[in-house]
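Protein chains in written order, with full-length UniProt numbering: chain A, 1 to 159; chain B, 1 to 159; chain C, 1 to 159; chain D, 1 to 159.
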């Protein structure tokens with residue numbers, strides 16, 4: 001059983017014409033998983049709807065608490081990419097679980113996006129990796145504490 | 001020959017992860033027209049990349065000048081929806097041409113958008129309507145000076 | 001009020017893995033119209049699910065009867081492209097209505113398709129054209145009896 | 001380095017209006033990988049364009065030869081789903097490589113498809129799994145020789 005926690009980020013952004021702006025909407029993950037023929041074997045909980053630049057230490061504690069609370073030992077977390085590495089670091093102390101954070105550079109609701117590939121990649125990663133905390137982005141797996149987002153290259157890399 | 005002028009608006013917004021924001025990008029119209037098997041019979045000129053809340057009287061004069069300059073007597077204009085009615089009004093004095101303004105409530109680059117339907121609808125409208133200035137939105141044709149955007153209902157209606 | 005009759009064709013084809021094949025599915029038109037913010041002002045009736053190469057004279061009589069029966073004087077018909085010109089010809093005798101046939105070269109369910117543009121284009125055509133029978137394809141309006149599908153160029157043209 | 005071999009199947013089917021039919025086209029994988037920000041770290045070779053019901057023993061020998069020839073020790077194979085289990089079985093004798101077969105129930109070119117999720121899932125699987133031959137479908141990893149396609153349920157399961 002995979003437990004999915006959604007915290008926001010680009011992946012679930014929606015365009016709101018009224019504000020000429022975007023906001024984080026309902027997570028598209030259930031719909032994307034259904035399109036991939038995955039209808040069970042997971043639970044999903046919406047925790048936050050935050051752009052990760054706005055994540056606070058309290059938010060990270062809330063995420064850590066939610067990870068610890070679930071009986072599932074495989075946990076997938078959607079998260080904004082800007083501070084994903086910080087949140088991963090904050091979860092390193094949790095033992096006995098495989099925890100994978102992922103997100104996207106383009107909203108899942110765009111015609112062209114990395115969101116669905118990243119979801120599939122992360123789904124396999126959380127199913128196959130041993131206990132620990134990881135980031136799964138741009139087709140690679142990184143260990144928490146040894147990863148950073150390269151803003152210029154717009155990708156994650158080993159740190 | 002249809003002359004297309006792009007001025008910006010939601011229809012051509014792109015998501016920029018670097019800014020956690022949507023900005024107006026290259027117009028997607030040539031790509032959308034190609035997908036519809038339309039490869040010639042039109043010319044396209046990018047005039048502005050403005051959210052229509054930021055349109056000024058000078059911008060509207062620039063648009064009017066561009067409309068007057070083209071030898072084509074059928075002119076299609078992409079425009080943000082918020083002040084489309086004002087720009088339509090400002091073009092009413094131009095004689096001898098069929099001028100149709102349209103845009104979209106969701107960017108053309110989204111998986112679900114009104115953009116492509118609106119483009120097709122406006123393409124027929126500019127081909128069939130007699131001289132005058134019109135707005136073509138939510139599947140209806142409105143005459144300039146007698147139309148407004150109903151913000152709450154998120155649609156255009158007769159005024 | 002626009003009355004929409006769906007008769008099949010490429011536009012509504014679905015891929016069926018079980019048959020390694022395609023079949024005509026439920027019409028996607030209501031969903032596409034909703035995405036374009038069109039929720040009323042029309043009625044829709046599924047008449048047939050035929051590839052137009054398989055249309056018979058009896059099918060064409062059925063379509064003509066359905067057109068005559070509706071009280072709406074603006075009728076849109078989805079139809080396979082291969083024999084759309086024949087069906088248009090068969091409807092020429094119906095007076096007092098604006099009848100527009102359209103379809104698509106690629107199913108509406110494909111990522112890249114002419115279907116949505118064609119729907120928007122035809123929606124405006126049926127709203128603006130005077131009484132008569134027309135085909136609206138590849139961004140042009142053709143009169144029934146003076147149009148054919150150019151198989152090599154994959155587009156409709158004046159005959 | 002991941003070596004990708006494409007052999008056909010539903011995943012790369014294109015709709016051909018001329019034949020009123022779906023045929024296997026150029027593989028969409030390079031475009032999908034680019035959308036996922038993956039531009040290097042892999043090589044791709046188009047081997048076949050076959051619906052897997054038409055795969056022969058000679059085809060399977062060709063695939064096995066191509067797998068053995070590559071210096072890469074991580075090989076991803078796109079394949080039709082109907083006989084994917086047979087081909088996986090035929091590759092079991094190849095030692096020293098992680099070989100993952102995957103495909104899709106809906107063409108990657110459809111608006112709604114499992115193709116992109118499956119690609120991401122398989123990309124992680126081939127990166128993380130130990131030597132051996134596997135099928136990665138519907139969000140699960142199966143070992144060759146212990147898997148079959150459940151036609152009725154339209155999914156792969158342990159055999």
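Note that CB positions come from ideal geometry on N, CA and C, so glycine has one too. Please read these numbers as outputs of a predicted model, since none were measured by experiment.
(message) What I want to know is whether the C-beta of residue 62 (chain D) ends up closer than 6 Å to one or more non-hydrogen atoms of the ligand PLP.
(response) This structure does not include the ligand PLP; it has no bound ligands of any sort.
Cβ of residue 112 (chain A) less than 7 Å from any chain F Cβ?
Here the protein chains are A, B, C and D, and chain F is not one of them.
Taking C-beta pairs closer than 9 Å, name the residues in chain B that residue 43 (chain A) reaches, listed in chain order. The premise fails here: residue 43 (chain A) is roughly 26 Å from chain B at the closest Cβ pair, so nothing lies under 9 Å.
**Q.** Through-space distance from residue 24 (chain C) to residue 70 (chain C), alpha-carbon basis
**A.** 24 Å
Next item on the list: Could you say which of C:99, C:32 and C:82 lies nearest to residue 115 (chain B) if we only look at CA atoms?
Entry: C:32
So if DSSP puts residue 39 (chain B) in a beta bridge, which residue, or which two residues, is it bridged to?
BP columns for residue 39 (chain B) are empty, so no partner.
Quick check on the DSSP output: what are the complete alpha helix (DSSP H) runs of length 4 or more inside the region 43 to 108 of chain B, in order along the chain?
57 to 69 and 84 to 90
**Asked** If you count every other CB in all the chains shown that lies within 10 Å of the CB of residue 82 (chain C), and 16 or more means buried, which is it?
**Response** buried
Helix, strand or coil for residue 19 (chain A) per DSSP?
helix
On the DSSP letters alone, give me the boundaries of the alpha helix (DSSP H) that residue 118 (chain D) sits inside. 115 to 128
How is residue 34 (chain C) classed by DSSP in three states: helix, strand or coil? helix
To which residues of the same chain is residue 15 (chain C) closer than 6 Å at the C-beta, ignoring the five residues directly before and after it? 22
* Closer than 7 Å, CB to CB, is residue 150 (chain C) near chain B or not? -> no
Q. Roughly how far, in whole angstroms, is the beta-carbon of residue 97 (chain A) from the beta-carbon of residue 75 (chain A), given that I think they are within contact range, below 8 Å?
A. 6 Å
**Message:** So residue 37 (chain C) and residue 138 (chain B) are supposed to be a Cβ contact under 8 Å. How far apart are they, rounded?
**Reply:** 5 Å
Next on the checklist: Residues of chain C with CB closer than 8 Å to the CB of residue 116 (chain B), please, in chain order.
Outcome noted: 116, 117 and 120
Counting C-beta neighbours from all protein chains within 10 Å, is the total for residue 56 (chain C) 16 or more, i.e. buried, or is it exposed?
exposed
* Asked: Should residue 3 (chain A) be labelled buried (16 or more other beta-carbon atoms within 10 Å of its own) or exposed?
  -> buried
### Message
DSSP has residue 5 (chain D) in a bridge; who is on the other side?
### Response
D:45 and D:77
Tell me the residue span of the beta strand (DSSP E) that contains residue 148 (chain B).
147 to 150
Exercise. Figure out for me which residue from A:106, A:136, A:108 and A:120 has the closest Cα to the Cα of residue 99 (chain A).
Key: A:136
Q.
Quick check: what's the CA-CA separation for residue 121 (chain B) versus residue 67 (chain D)?
A. 51 Å
query = At what residues does the beta strand (DSSP E) containing residue 143 (chain B) begin and finish?
reply = 140 to 143
Since residue 84 (chain A) contacts residue 149 (chain A) with CB under 8 Å, what's their CB separation in whole angstroms? 7 Å
Kindly indicate if chain A contains any beta-carbon less than 7 Å away from that of residue 138 (chain D).
yes
- Query: In terms of residue numbering, what span does the beta strand (DSSP E) encompassing residue 158 (chain C) cover?
  - Reply: 155 to 158
**Prompt:** Over what stretch of residues does the beta strand (DSSP E) that includes residue 11 (chain B) continue unbroken?
**Reply:** Run containing residue 11 (chain B): none; DSSP gives neither H nor E here.
8 Å CB neighbourhood of residue 106 (chain C) in its chain, flanking five on each side removed: 10, 112, 113, 114 and 115
Which residues in chain A have a C-beta closer than 7 Å to the C-beta of residue 73 (chain D)? List them in chain order. The premise fails here: residue 73 (chain D) is roughly 17 Å from chain A at the closest Cβ pair, so nothing lies under 7 Å.
(message) Counting only C-beta atoms, is residue 105 (chain B) closer than 7 Å to chain A at any point?
(response) yes
Worksheet item: Per DSSP, residue 132 (chain B) is paired with what?
Response: B:98
Residue 133 (chain D) versus residue 59 (chain D): straight-line alpha-carbon distance, rounded: 17 Å
- Task: Apply the 10 Å Cβ neighbour rule to residue 39 (chain A) and answer buried if 16 or more other Cβ atoms are within range, or exposed otherwise.
- Result: exposed
- Is the beta carbon of residue 183 (chain D) sitting closer than 7 Å to the one on residue 91 (chain D)? Lying before the first or after the last residue shown, residue 183 (chain D) is absent from chain D, which here runs from 1 to 159.
| request: Verify the CB distance criterion: does residue 170 (chain B) have a CB-CB separation below 7 Å to chain A? | output: Absent from the model: residue 170 (chain B). The displayed extent of chain B is 1 to 159, so no value can be given.
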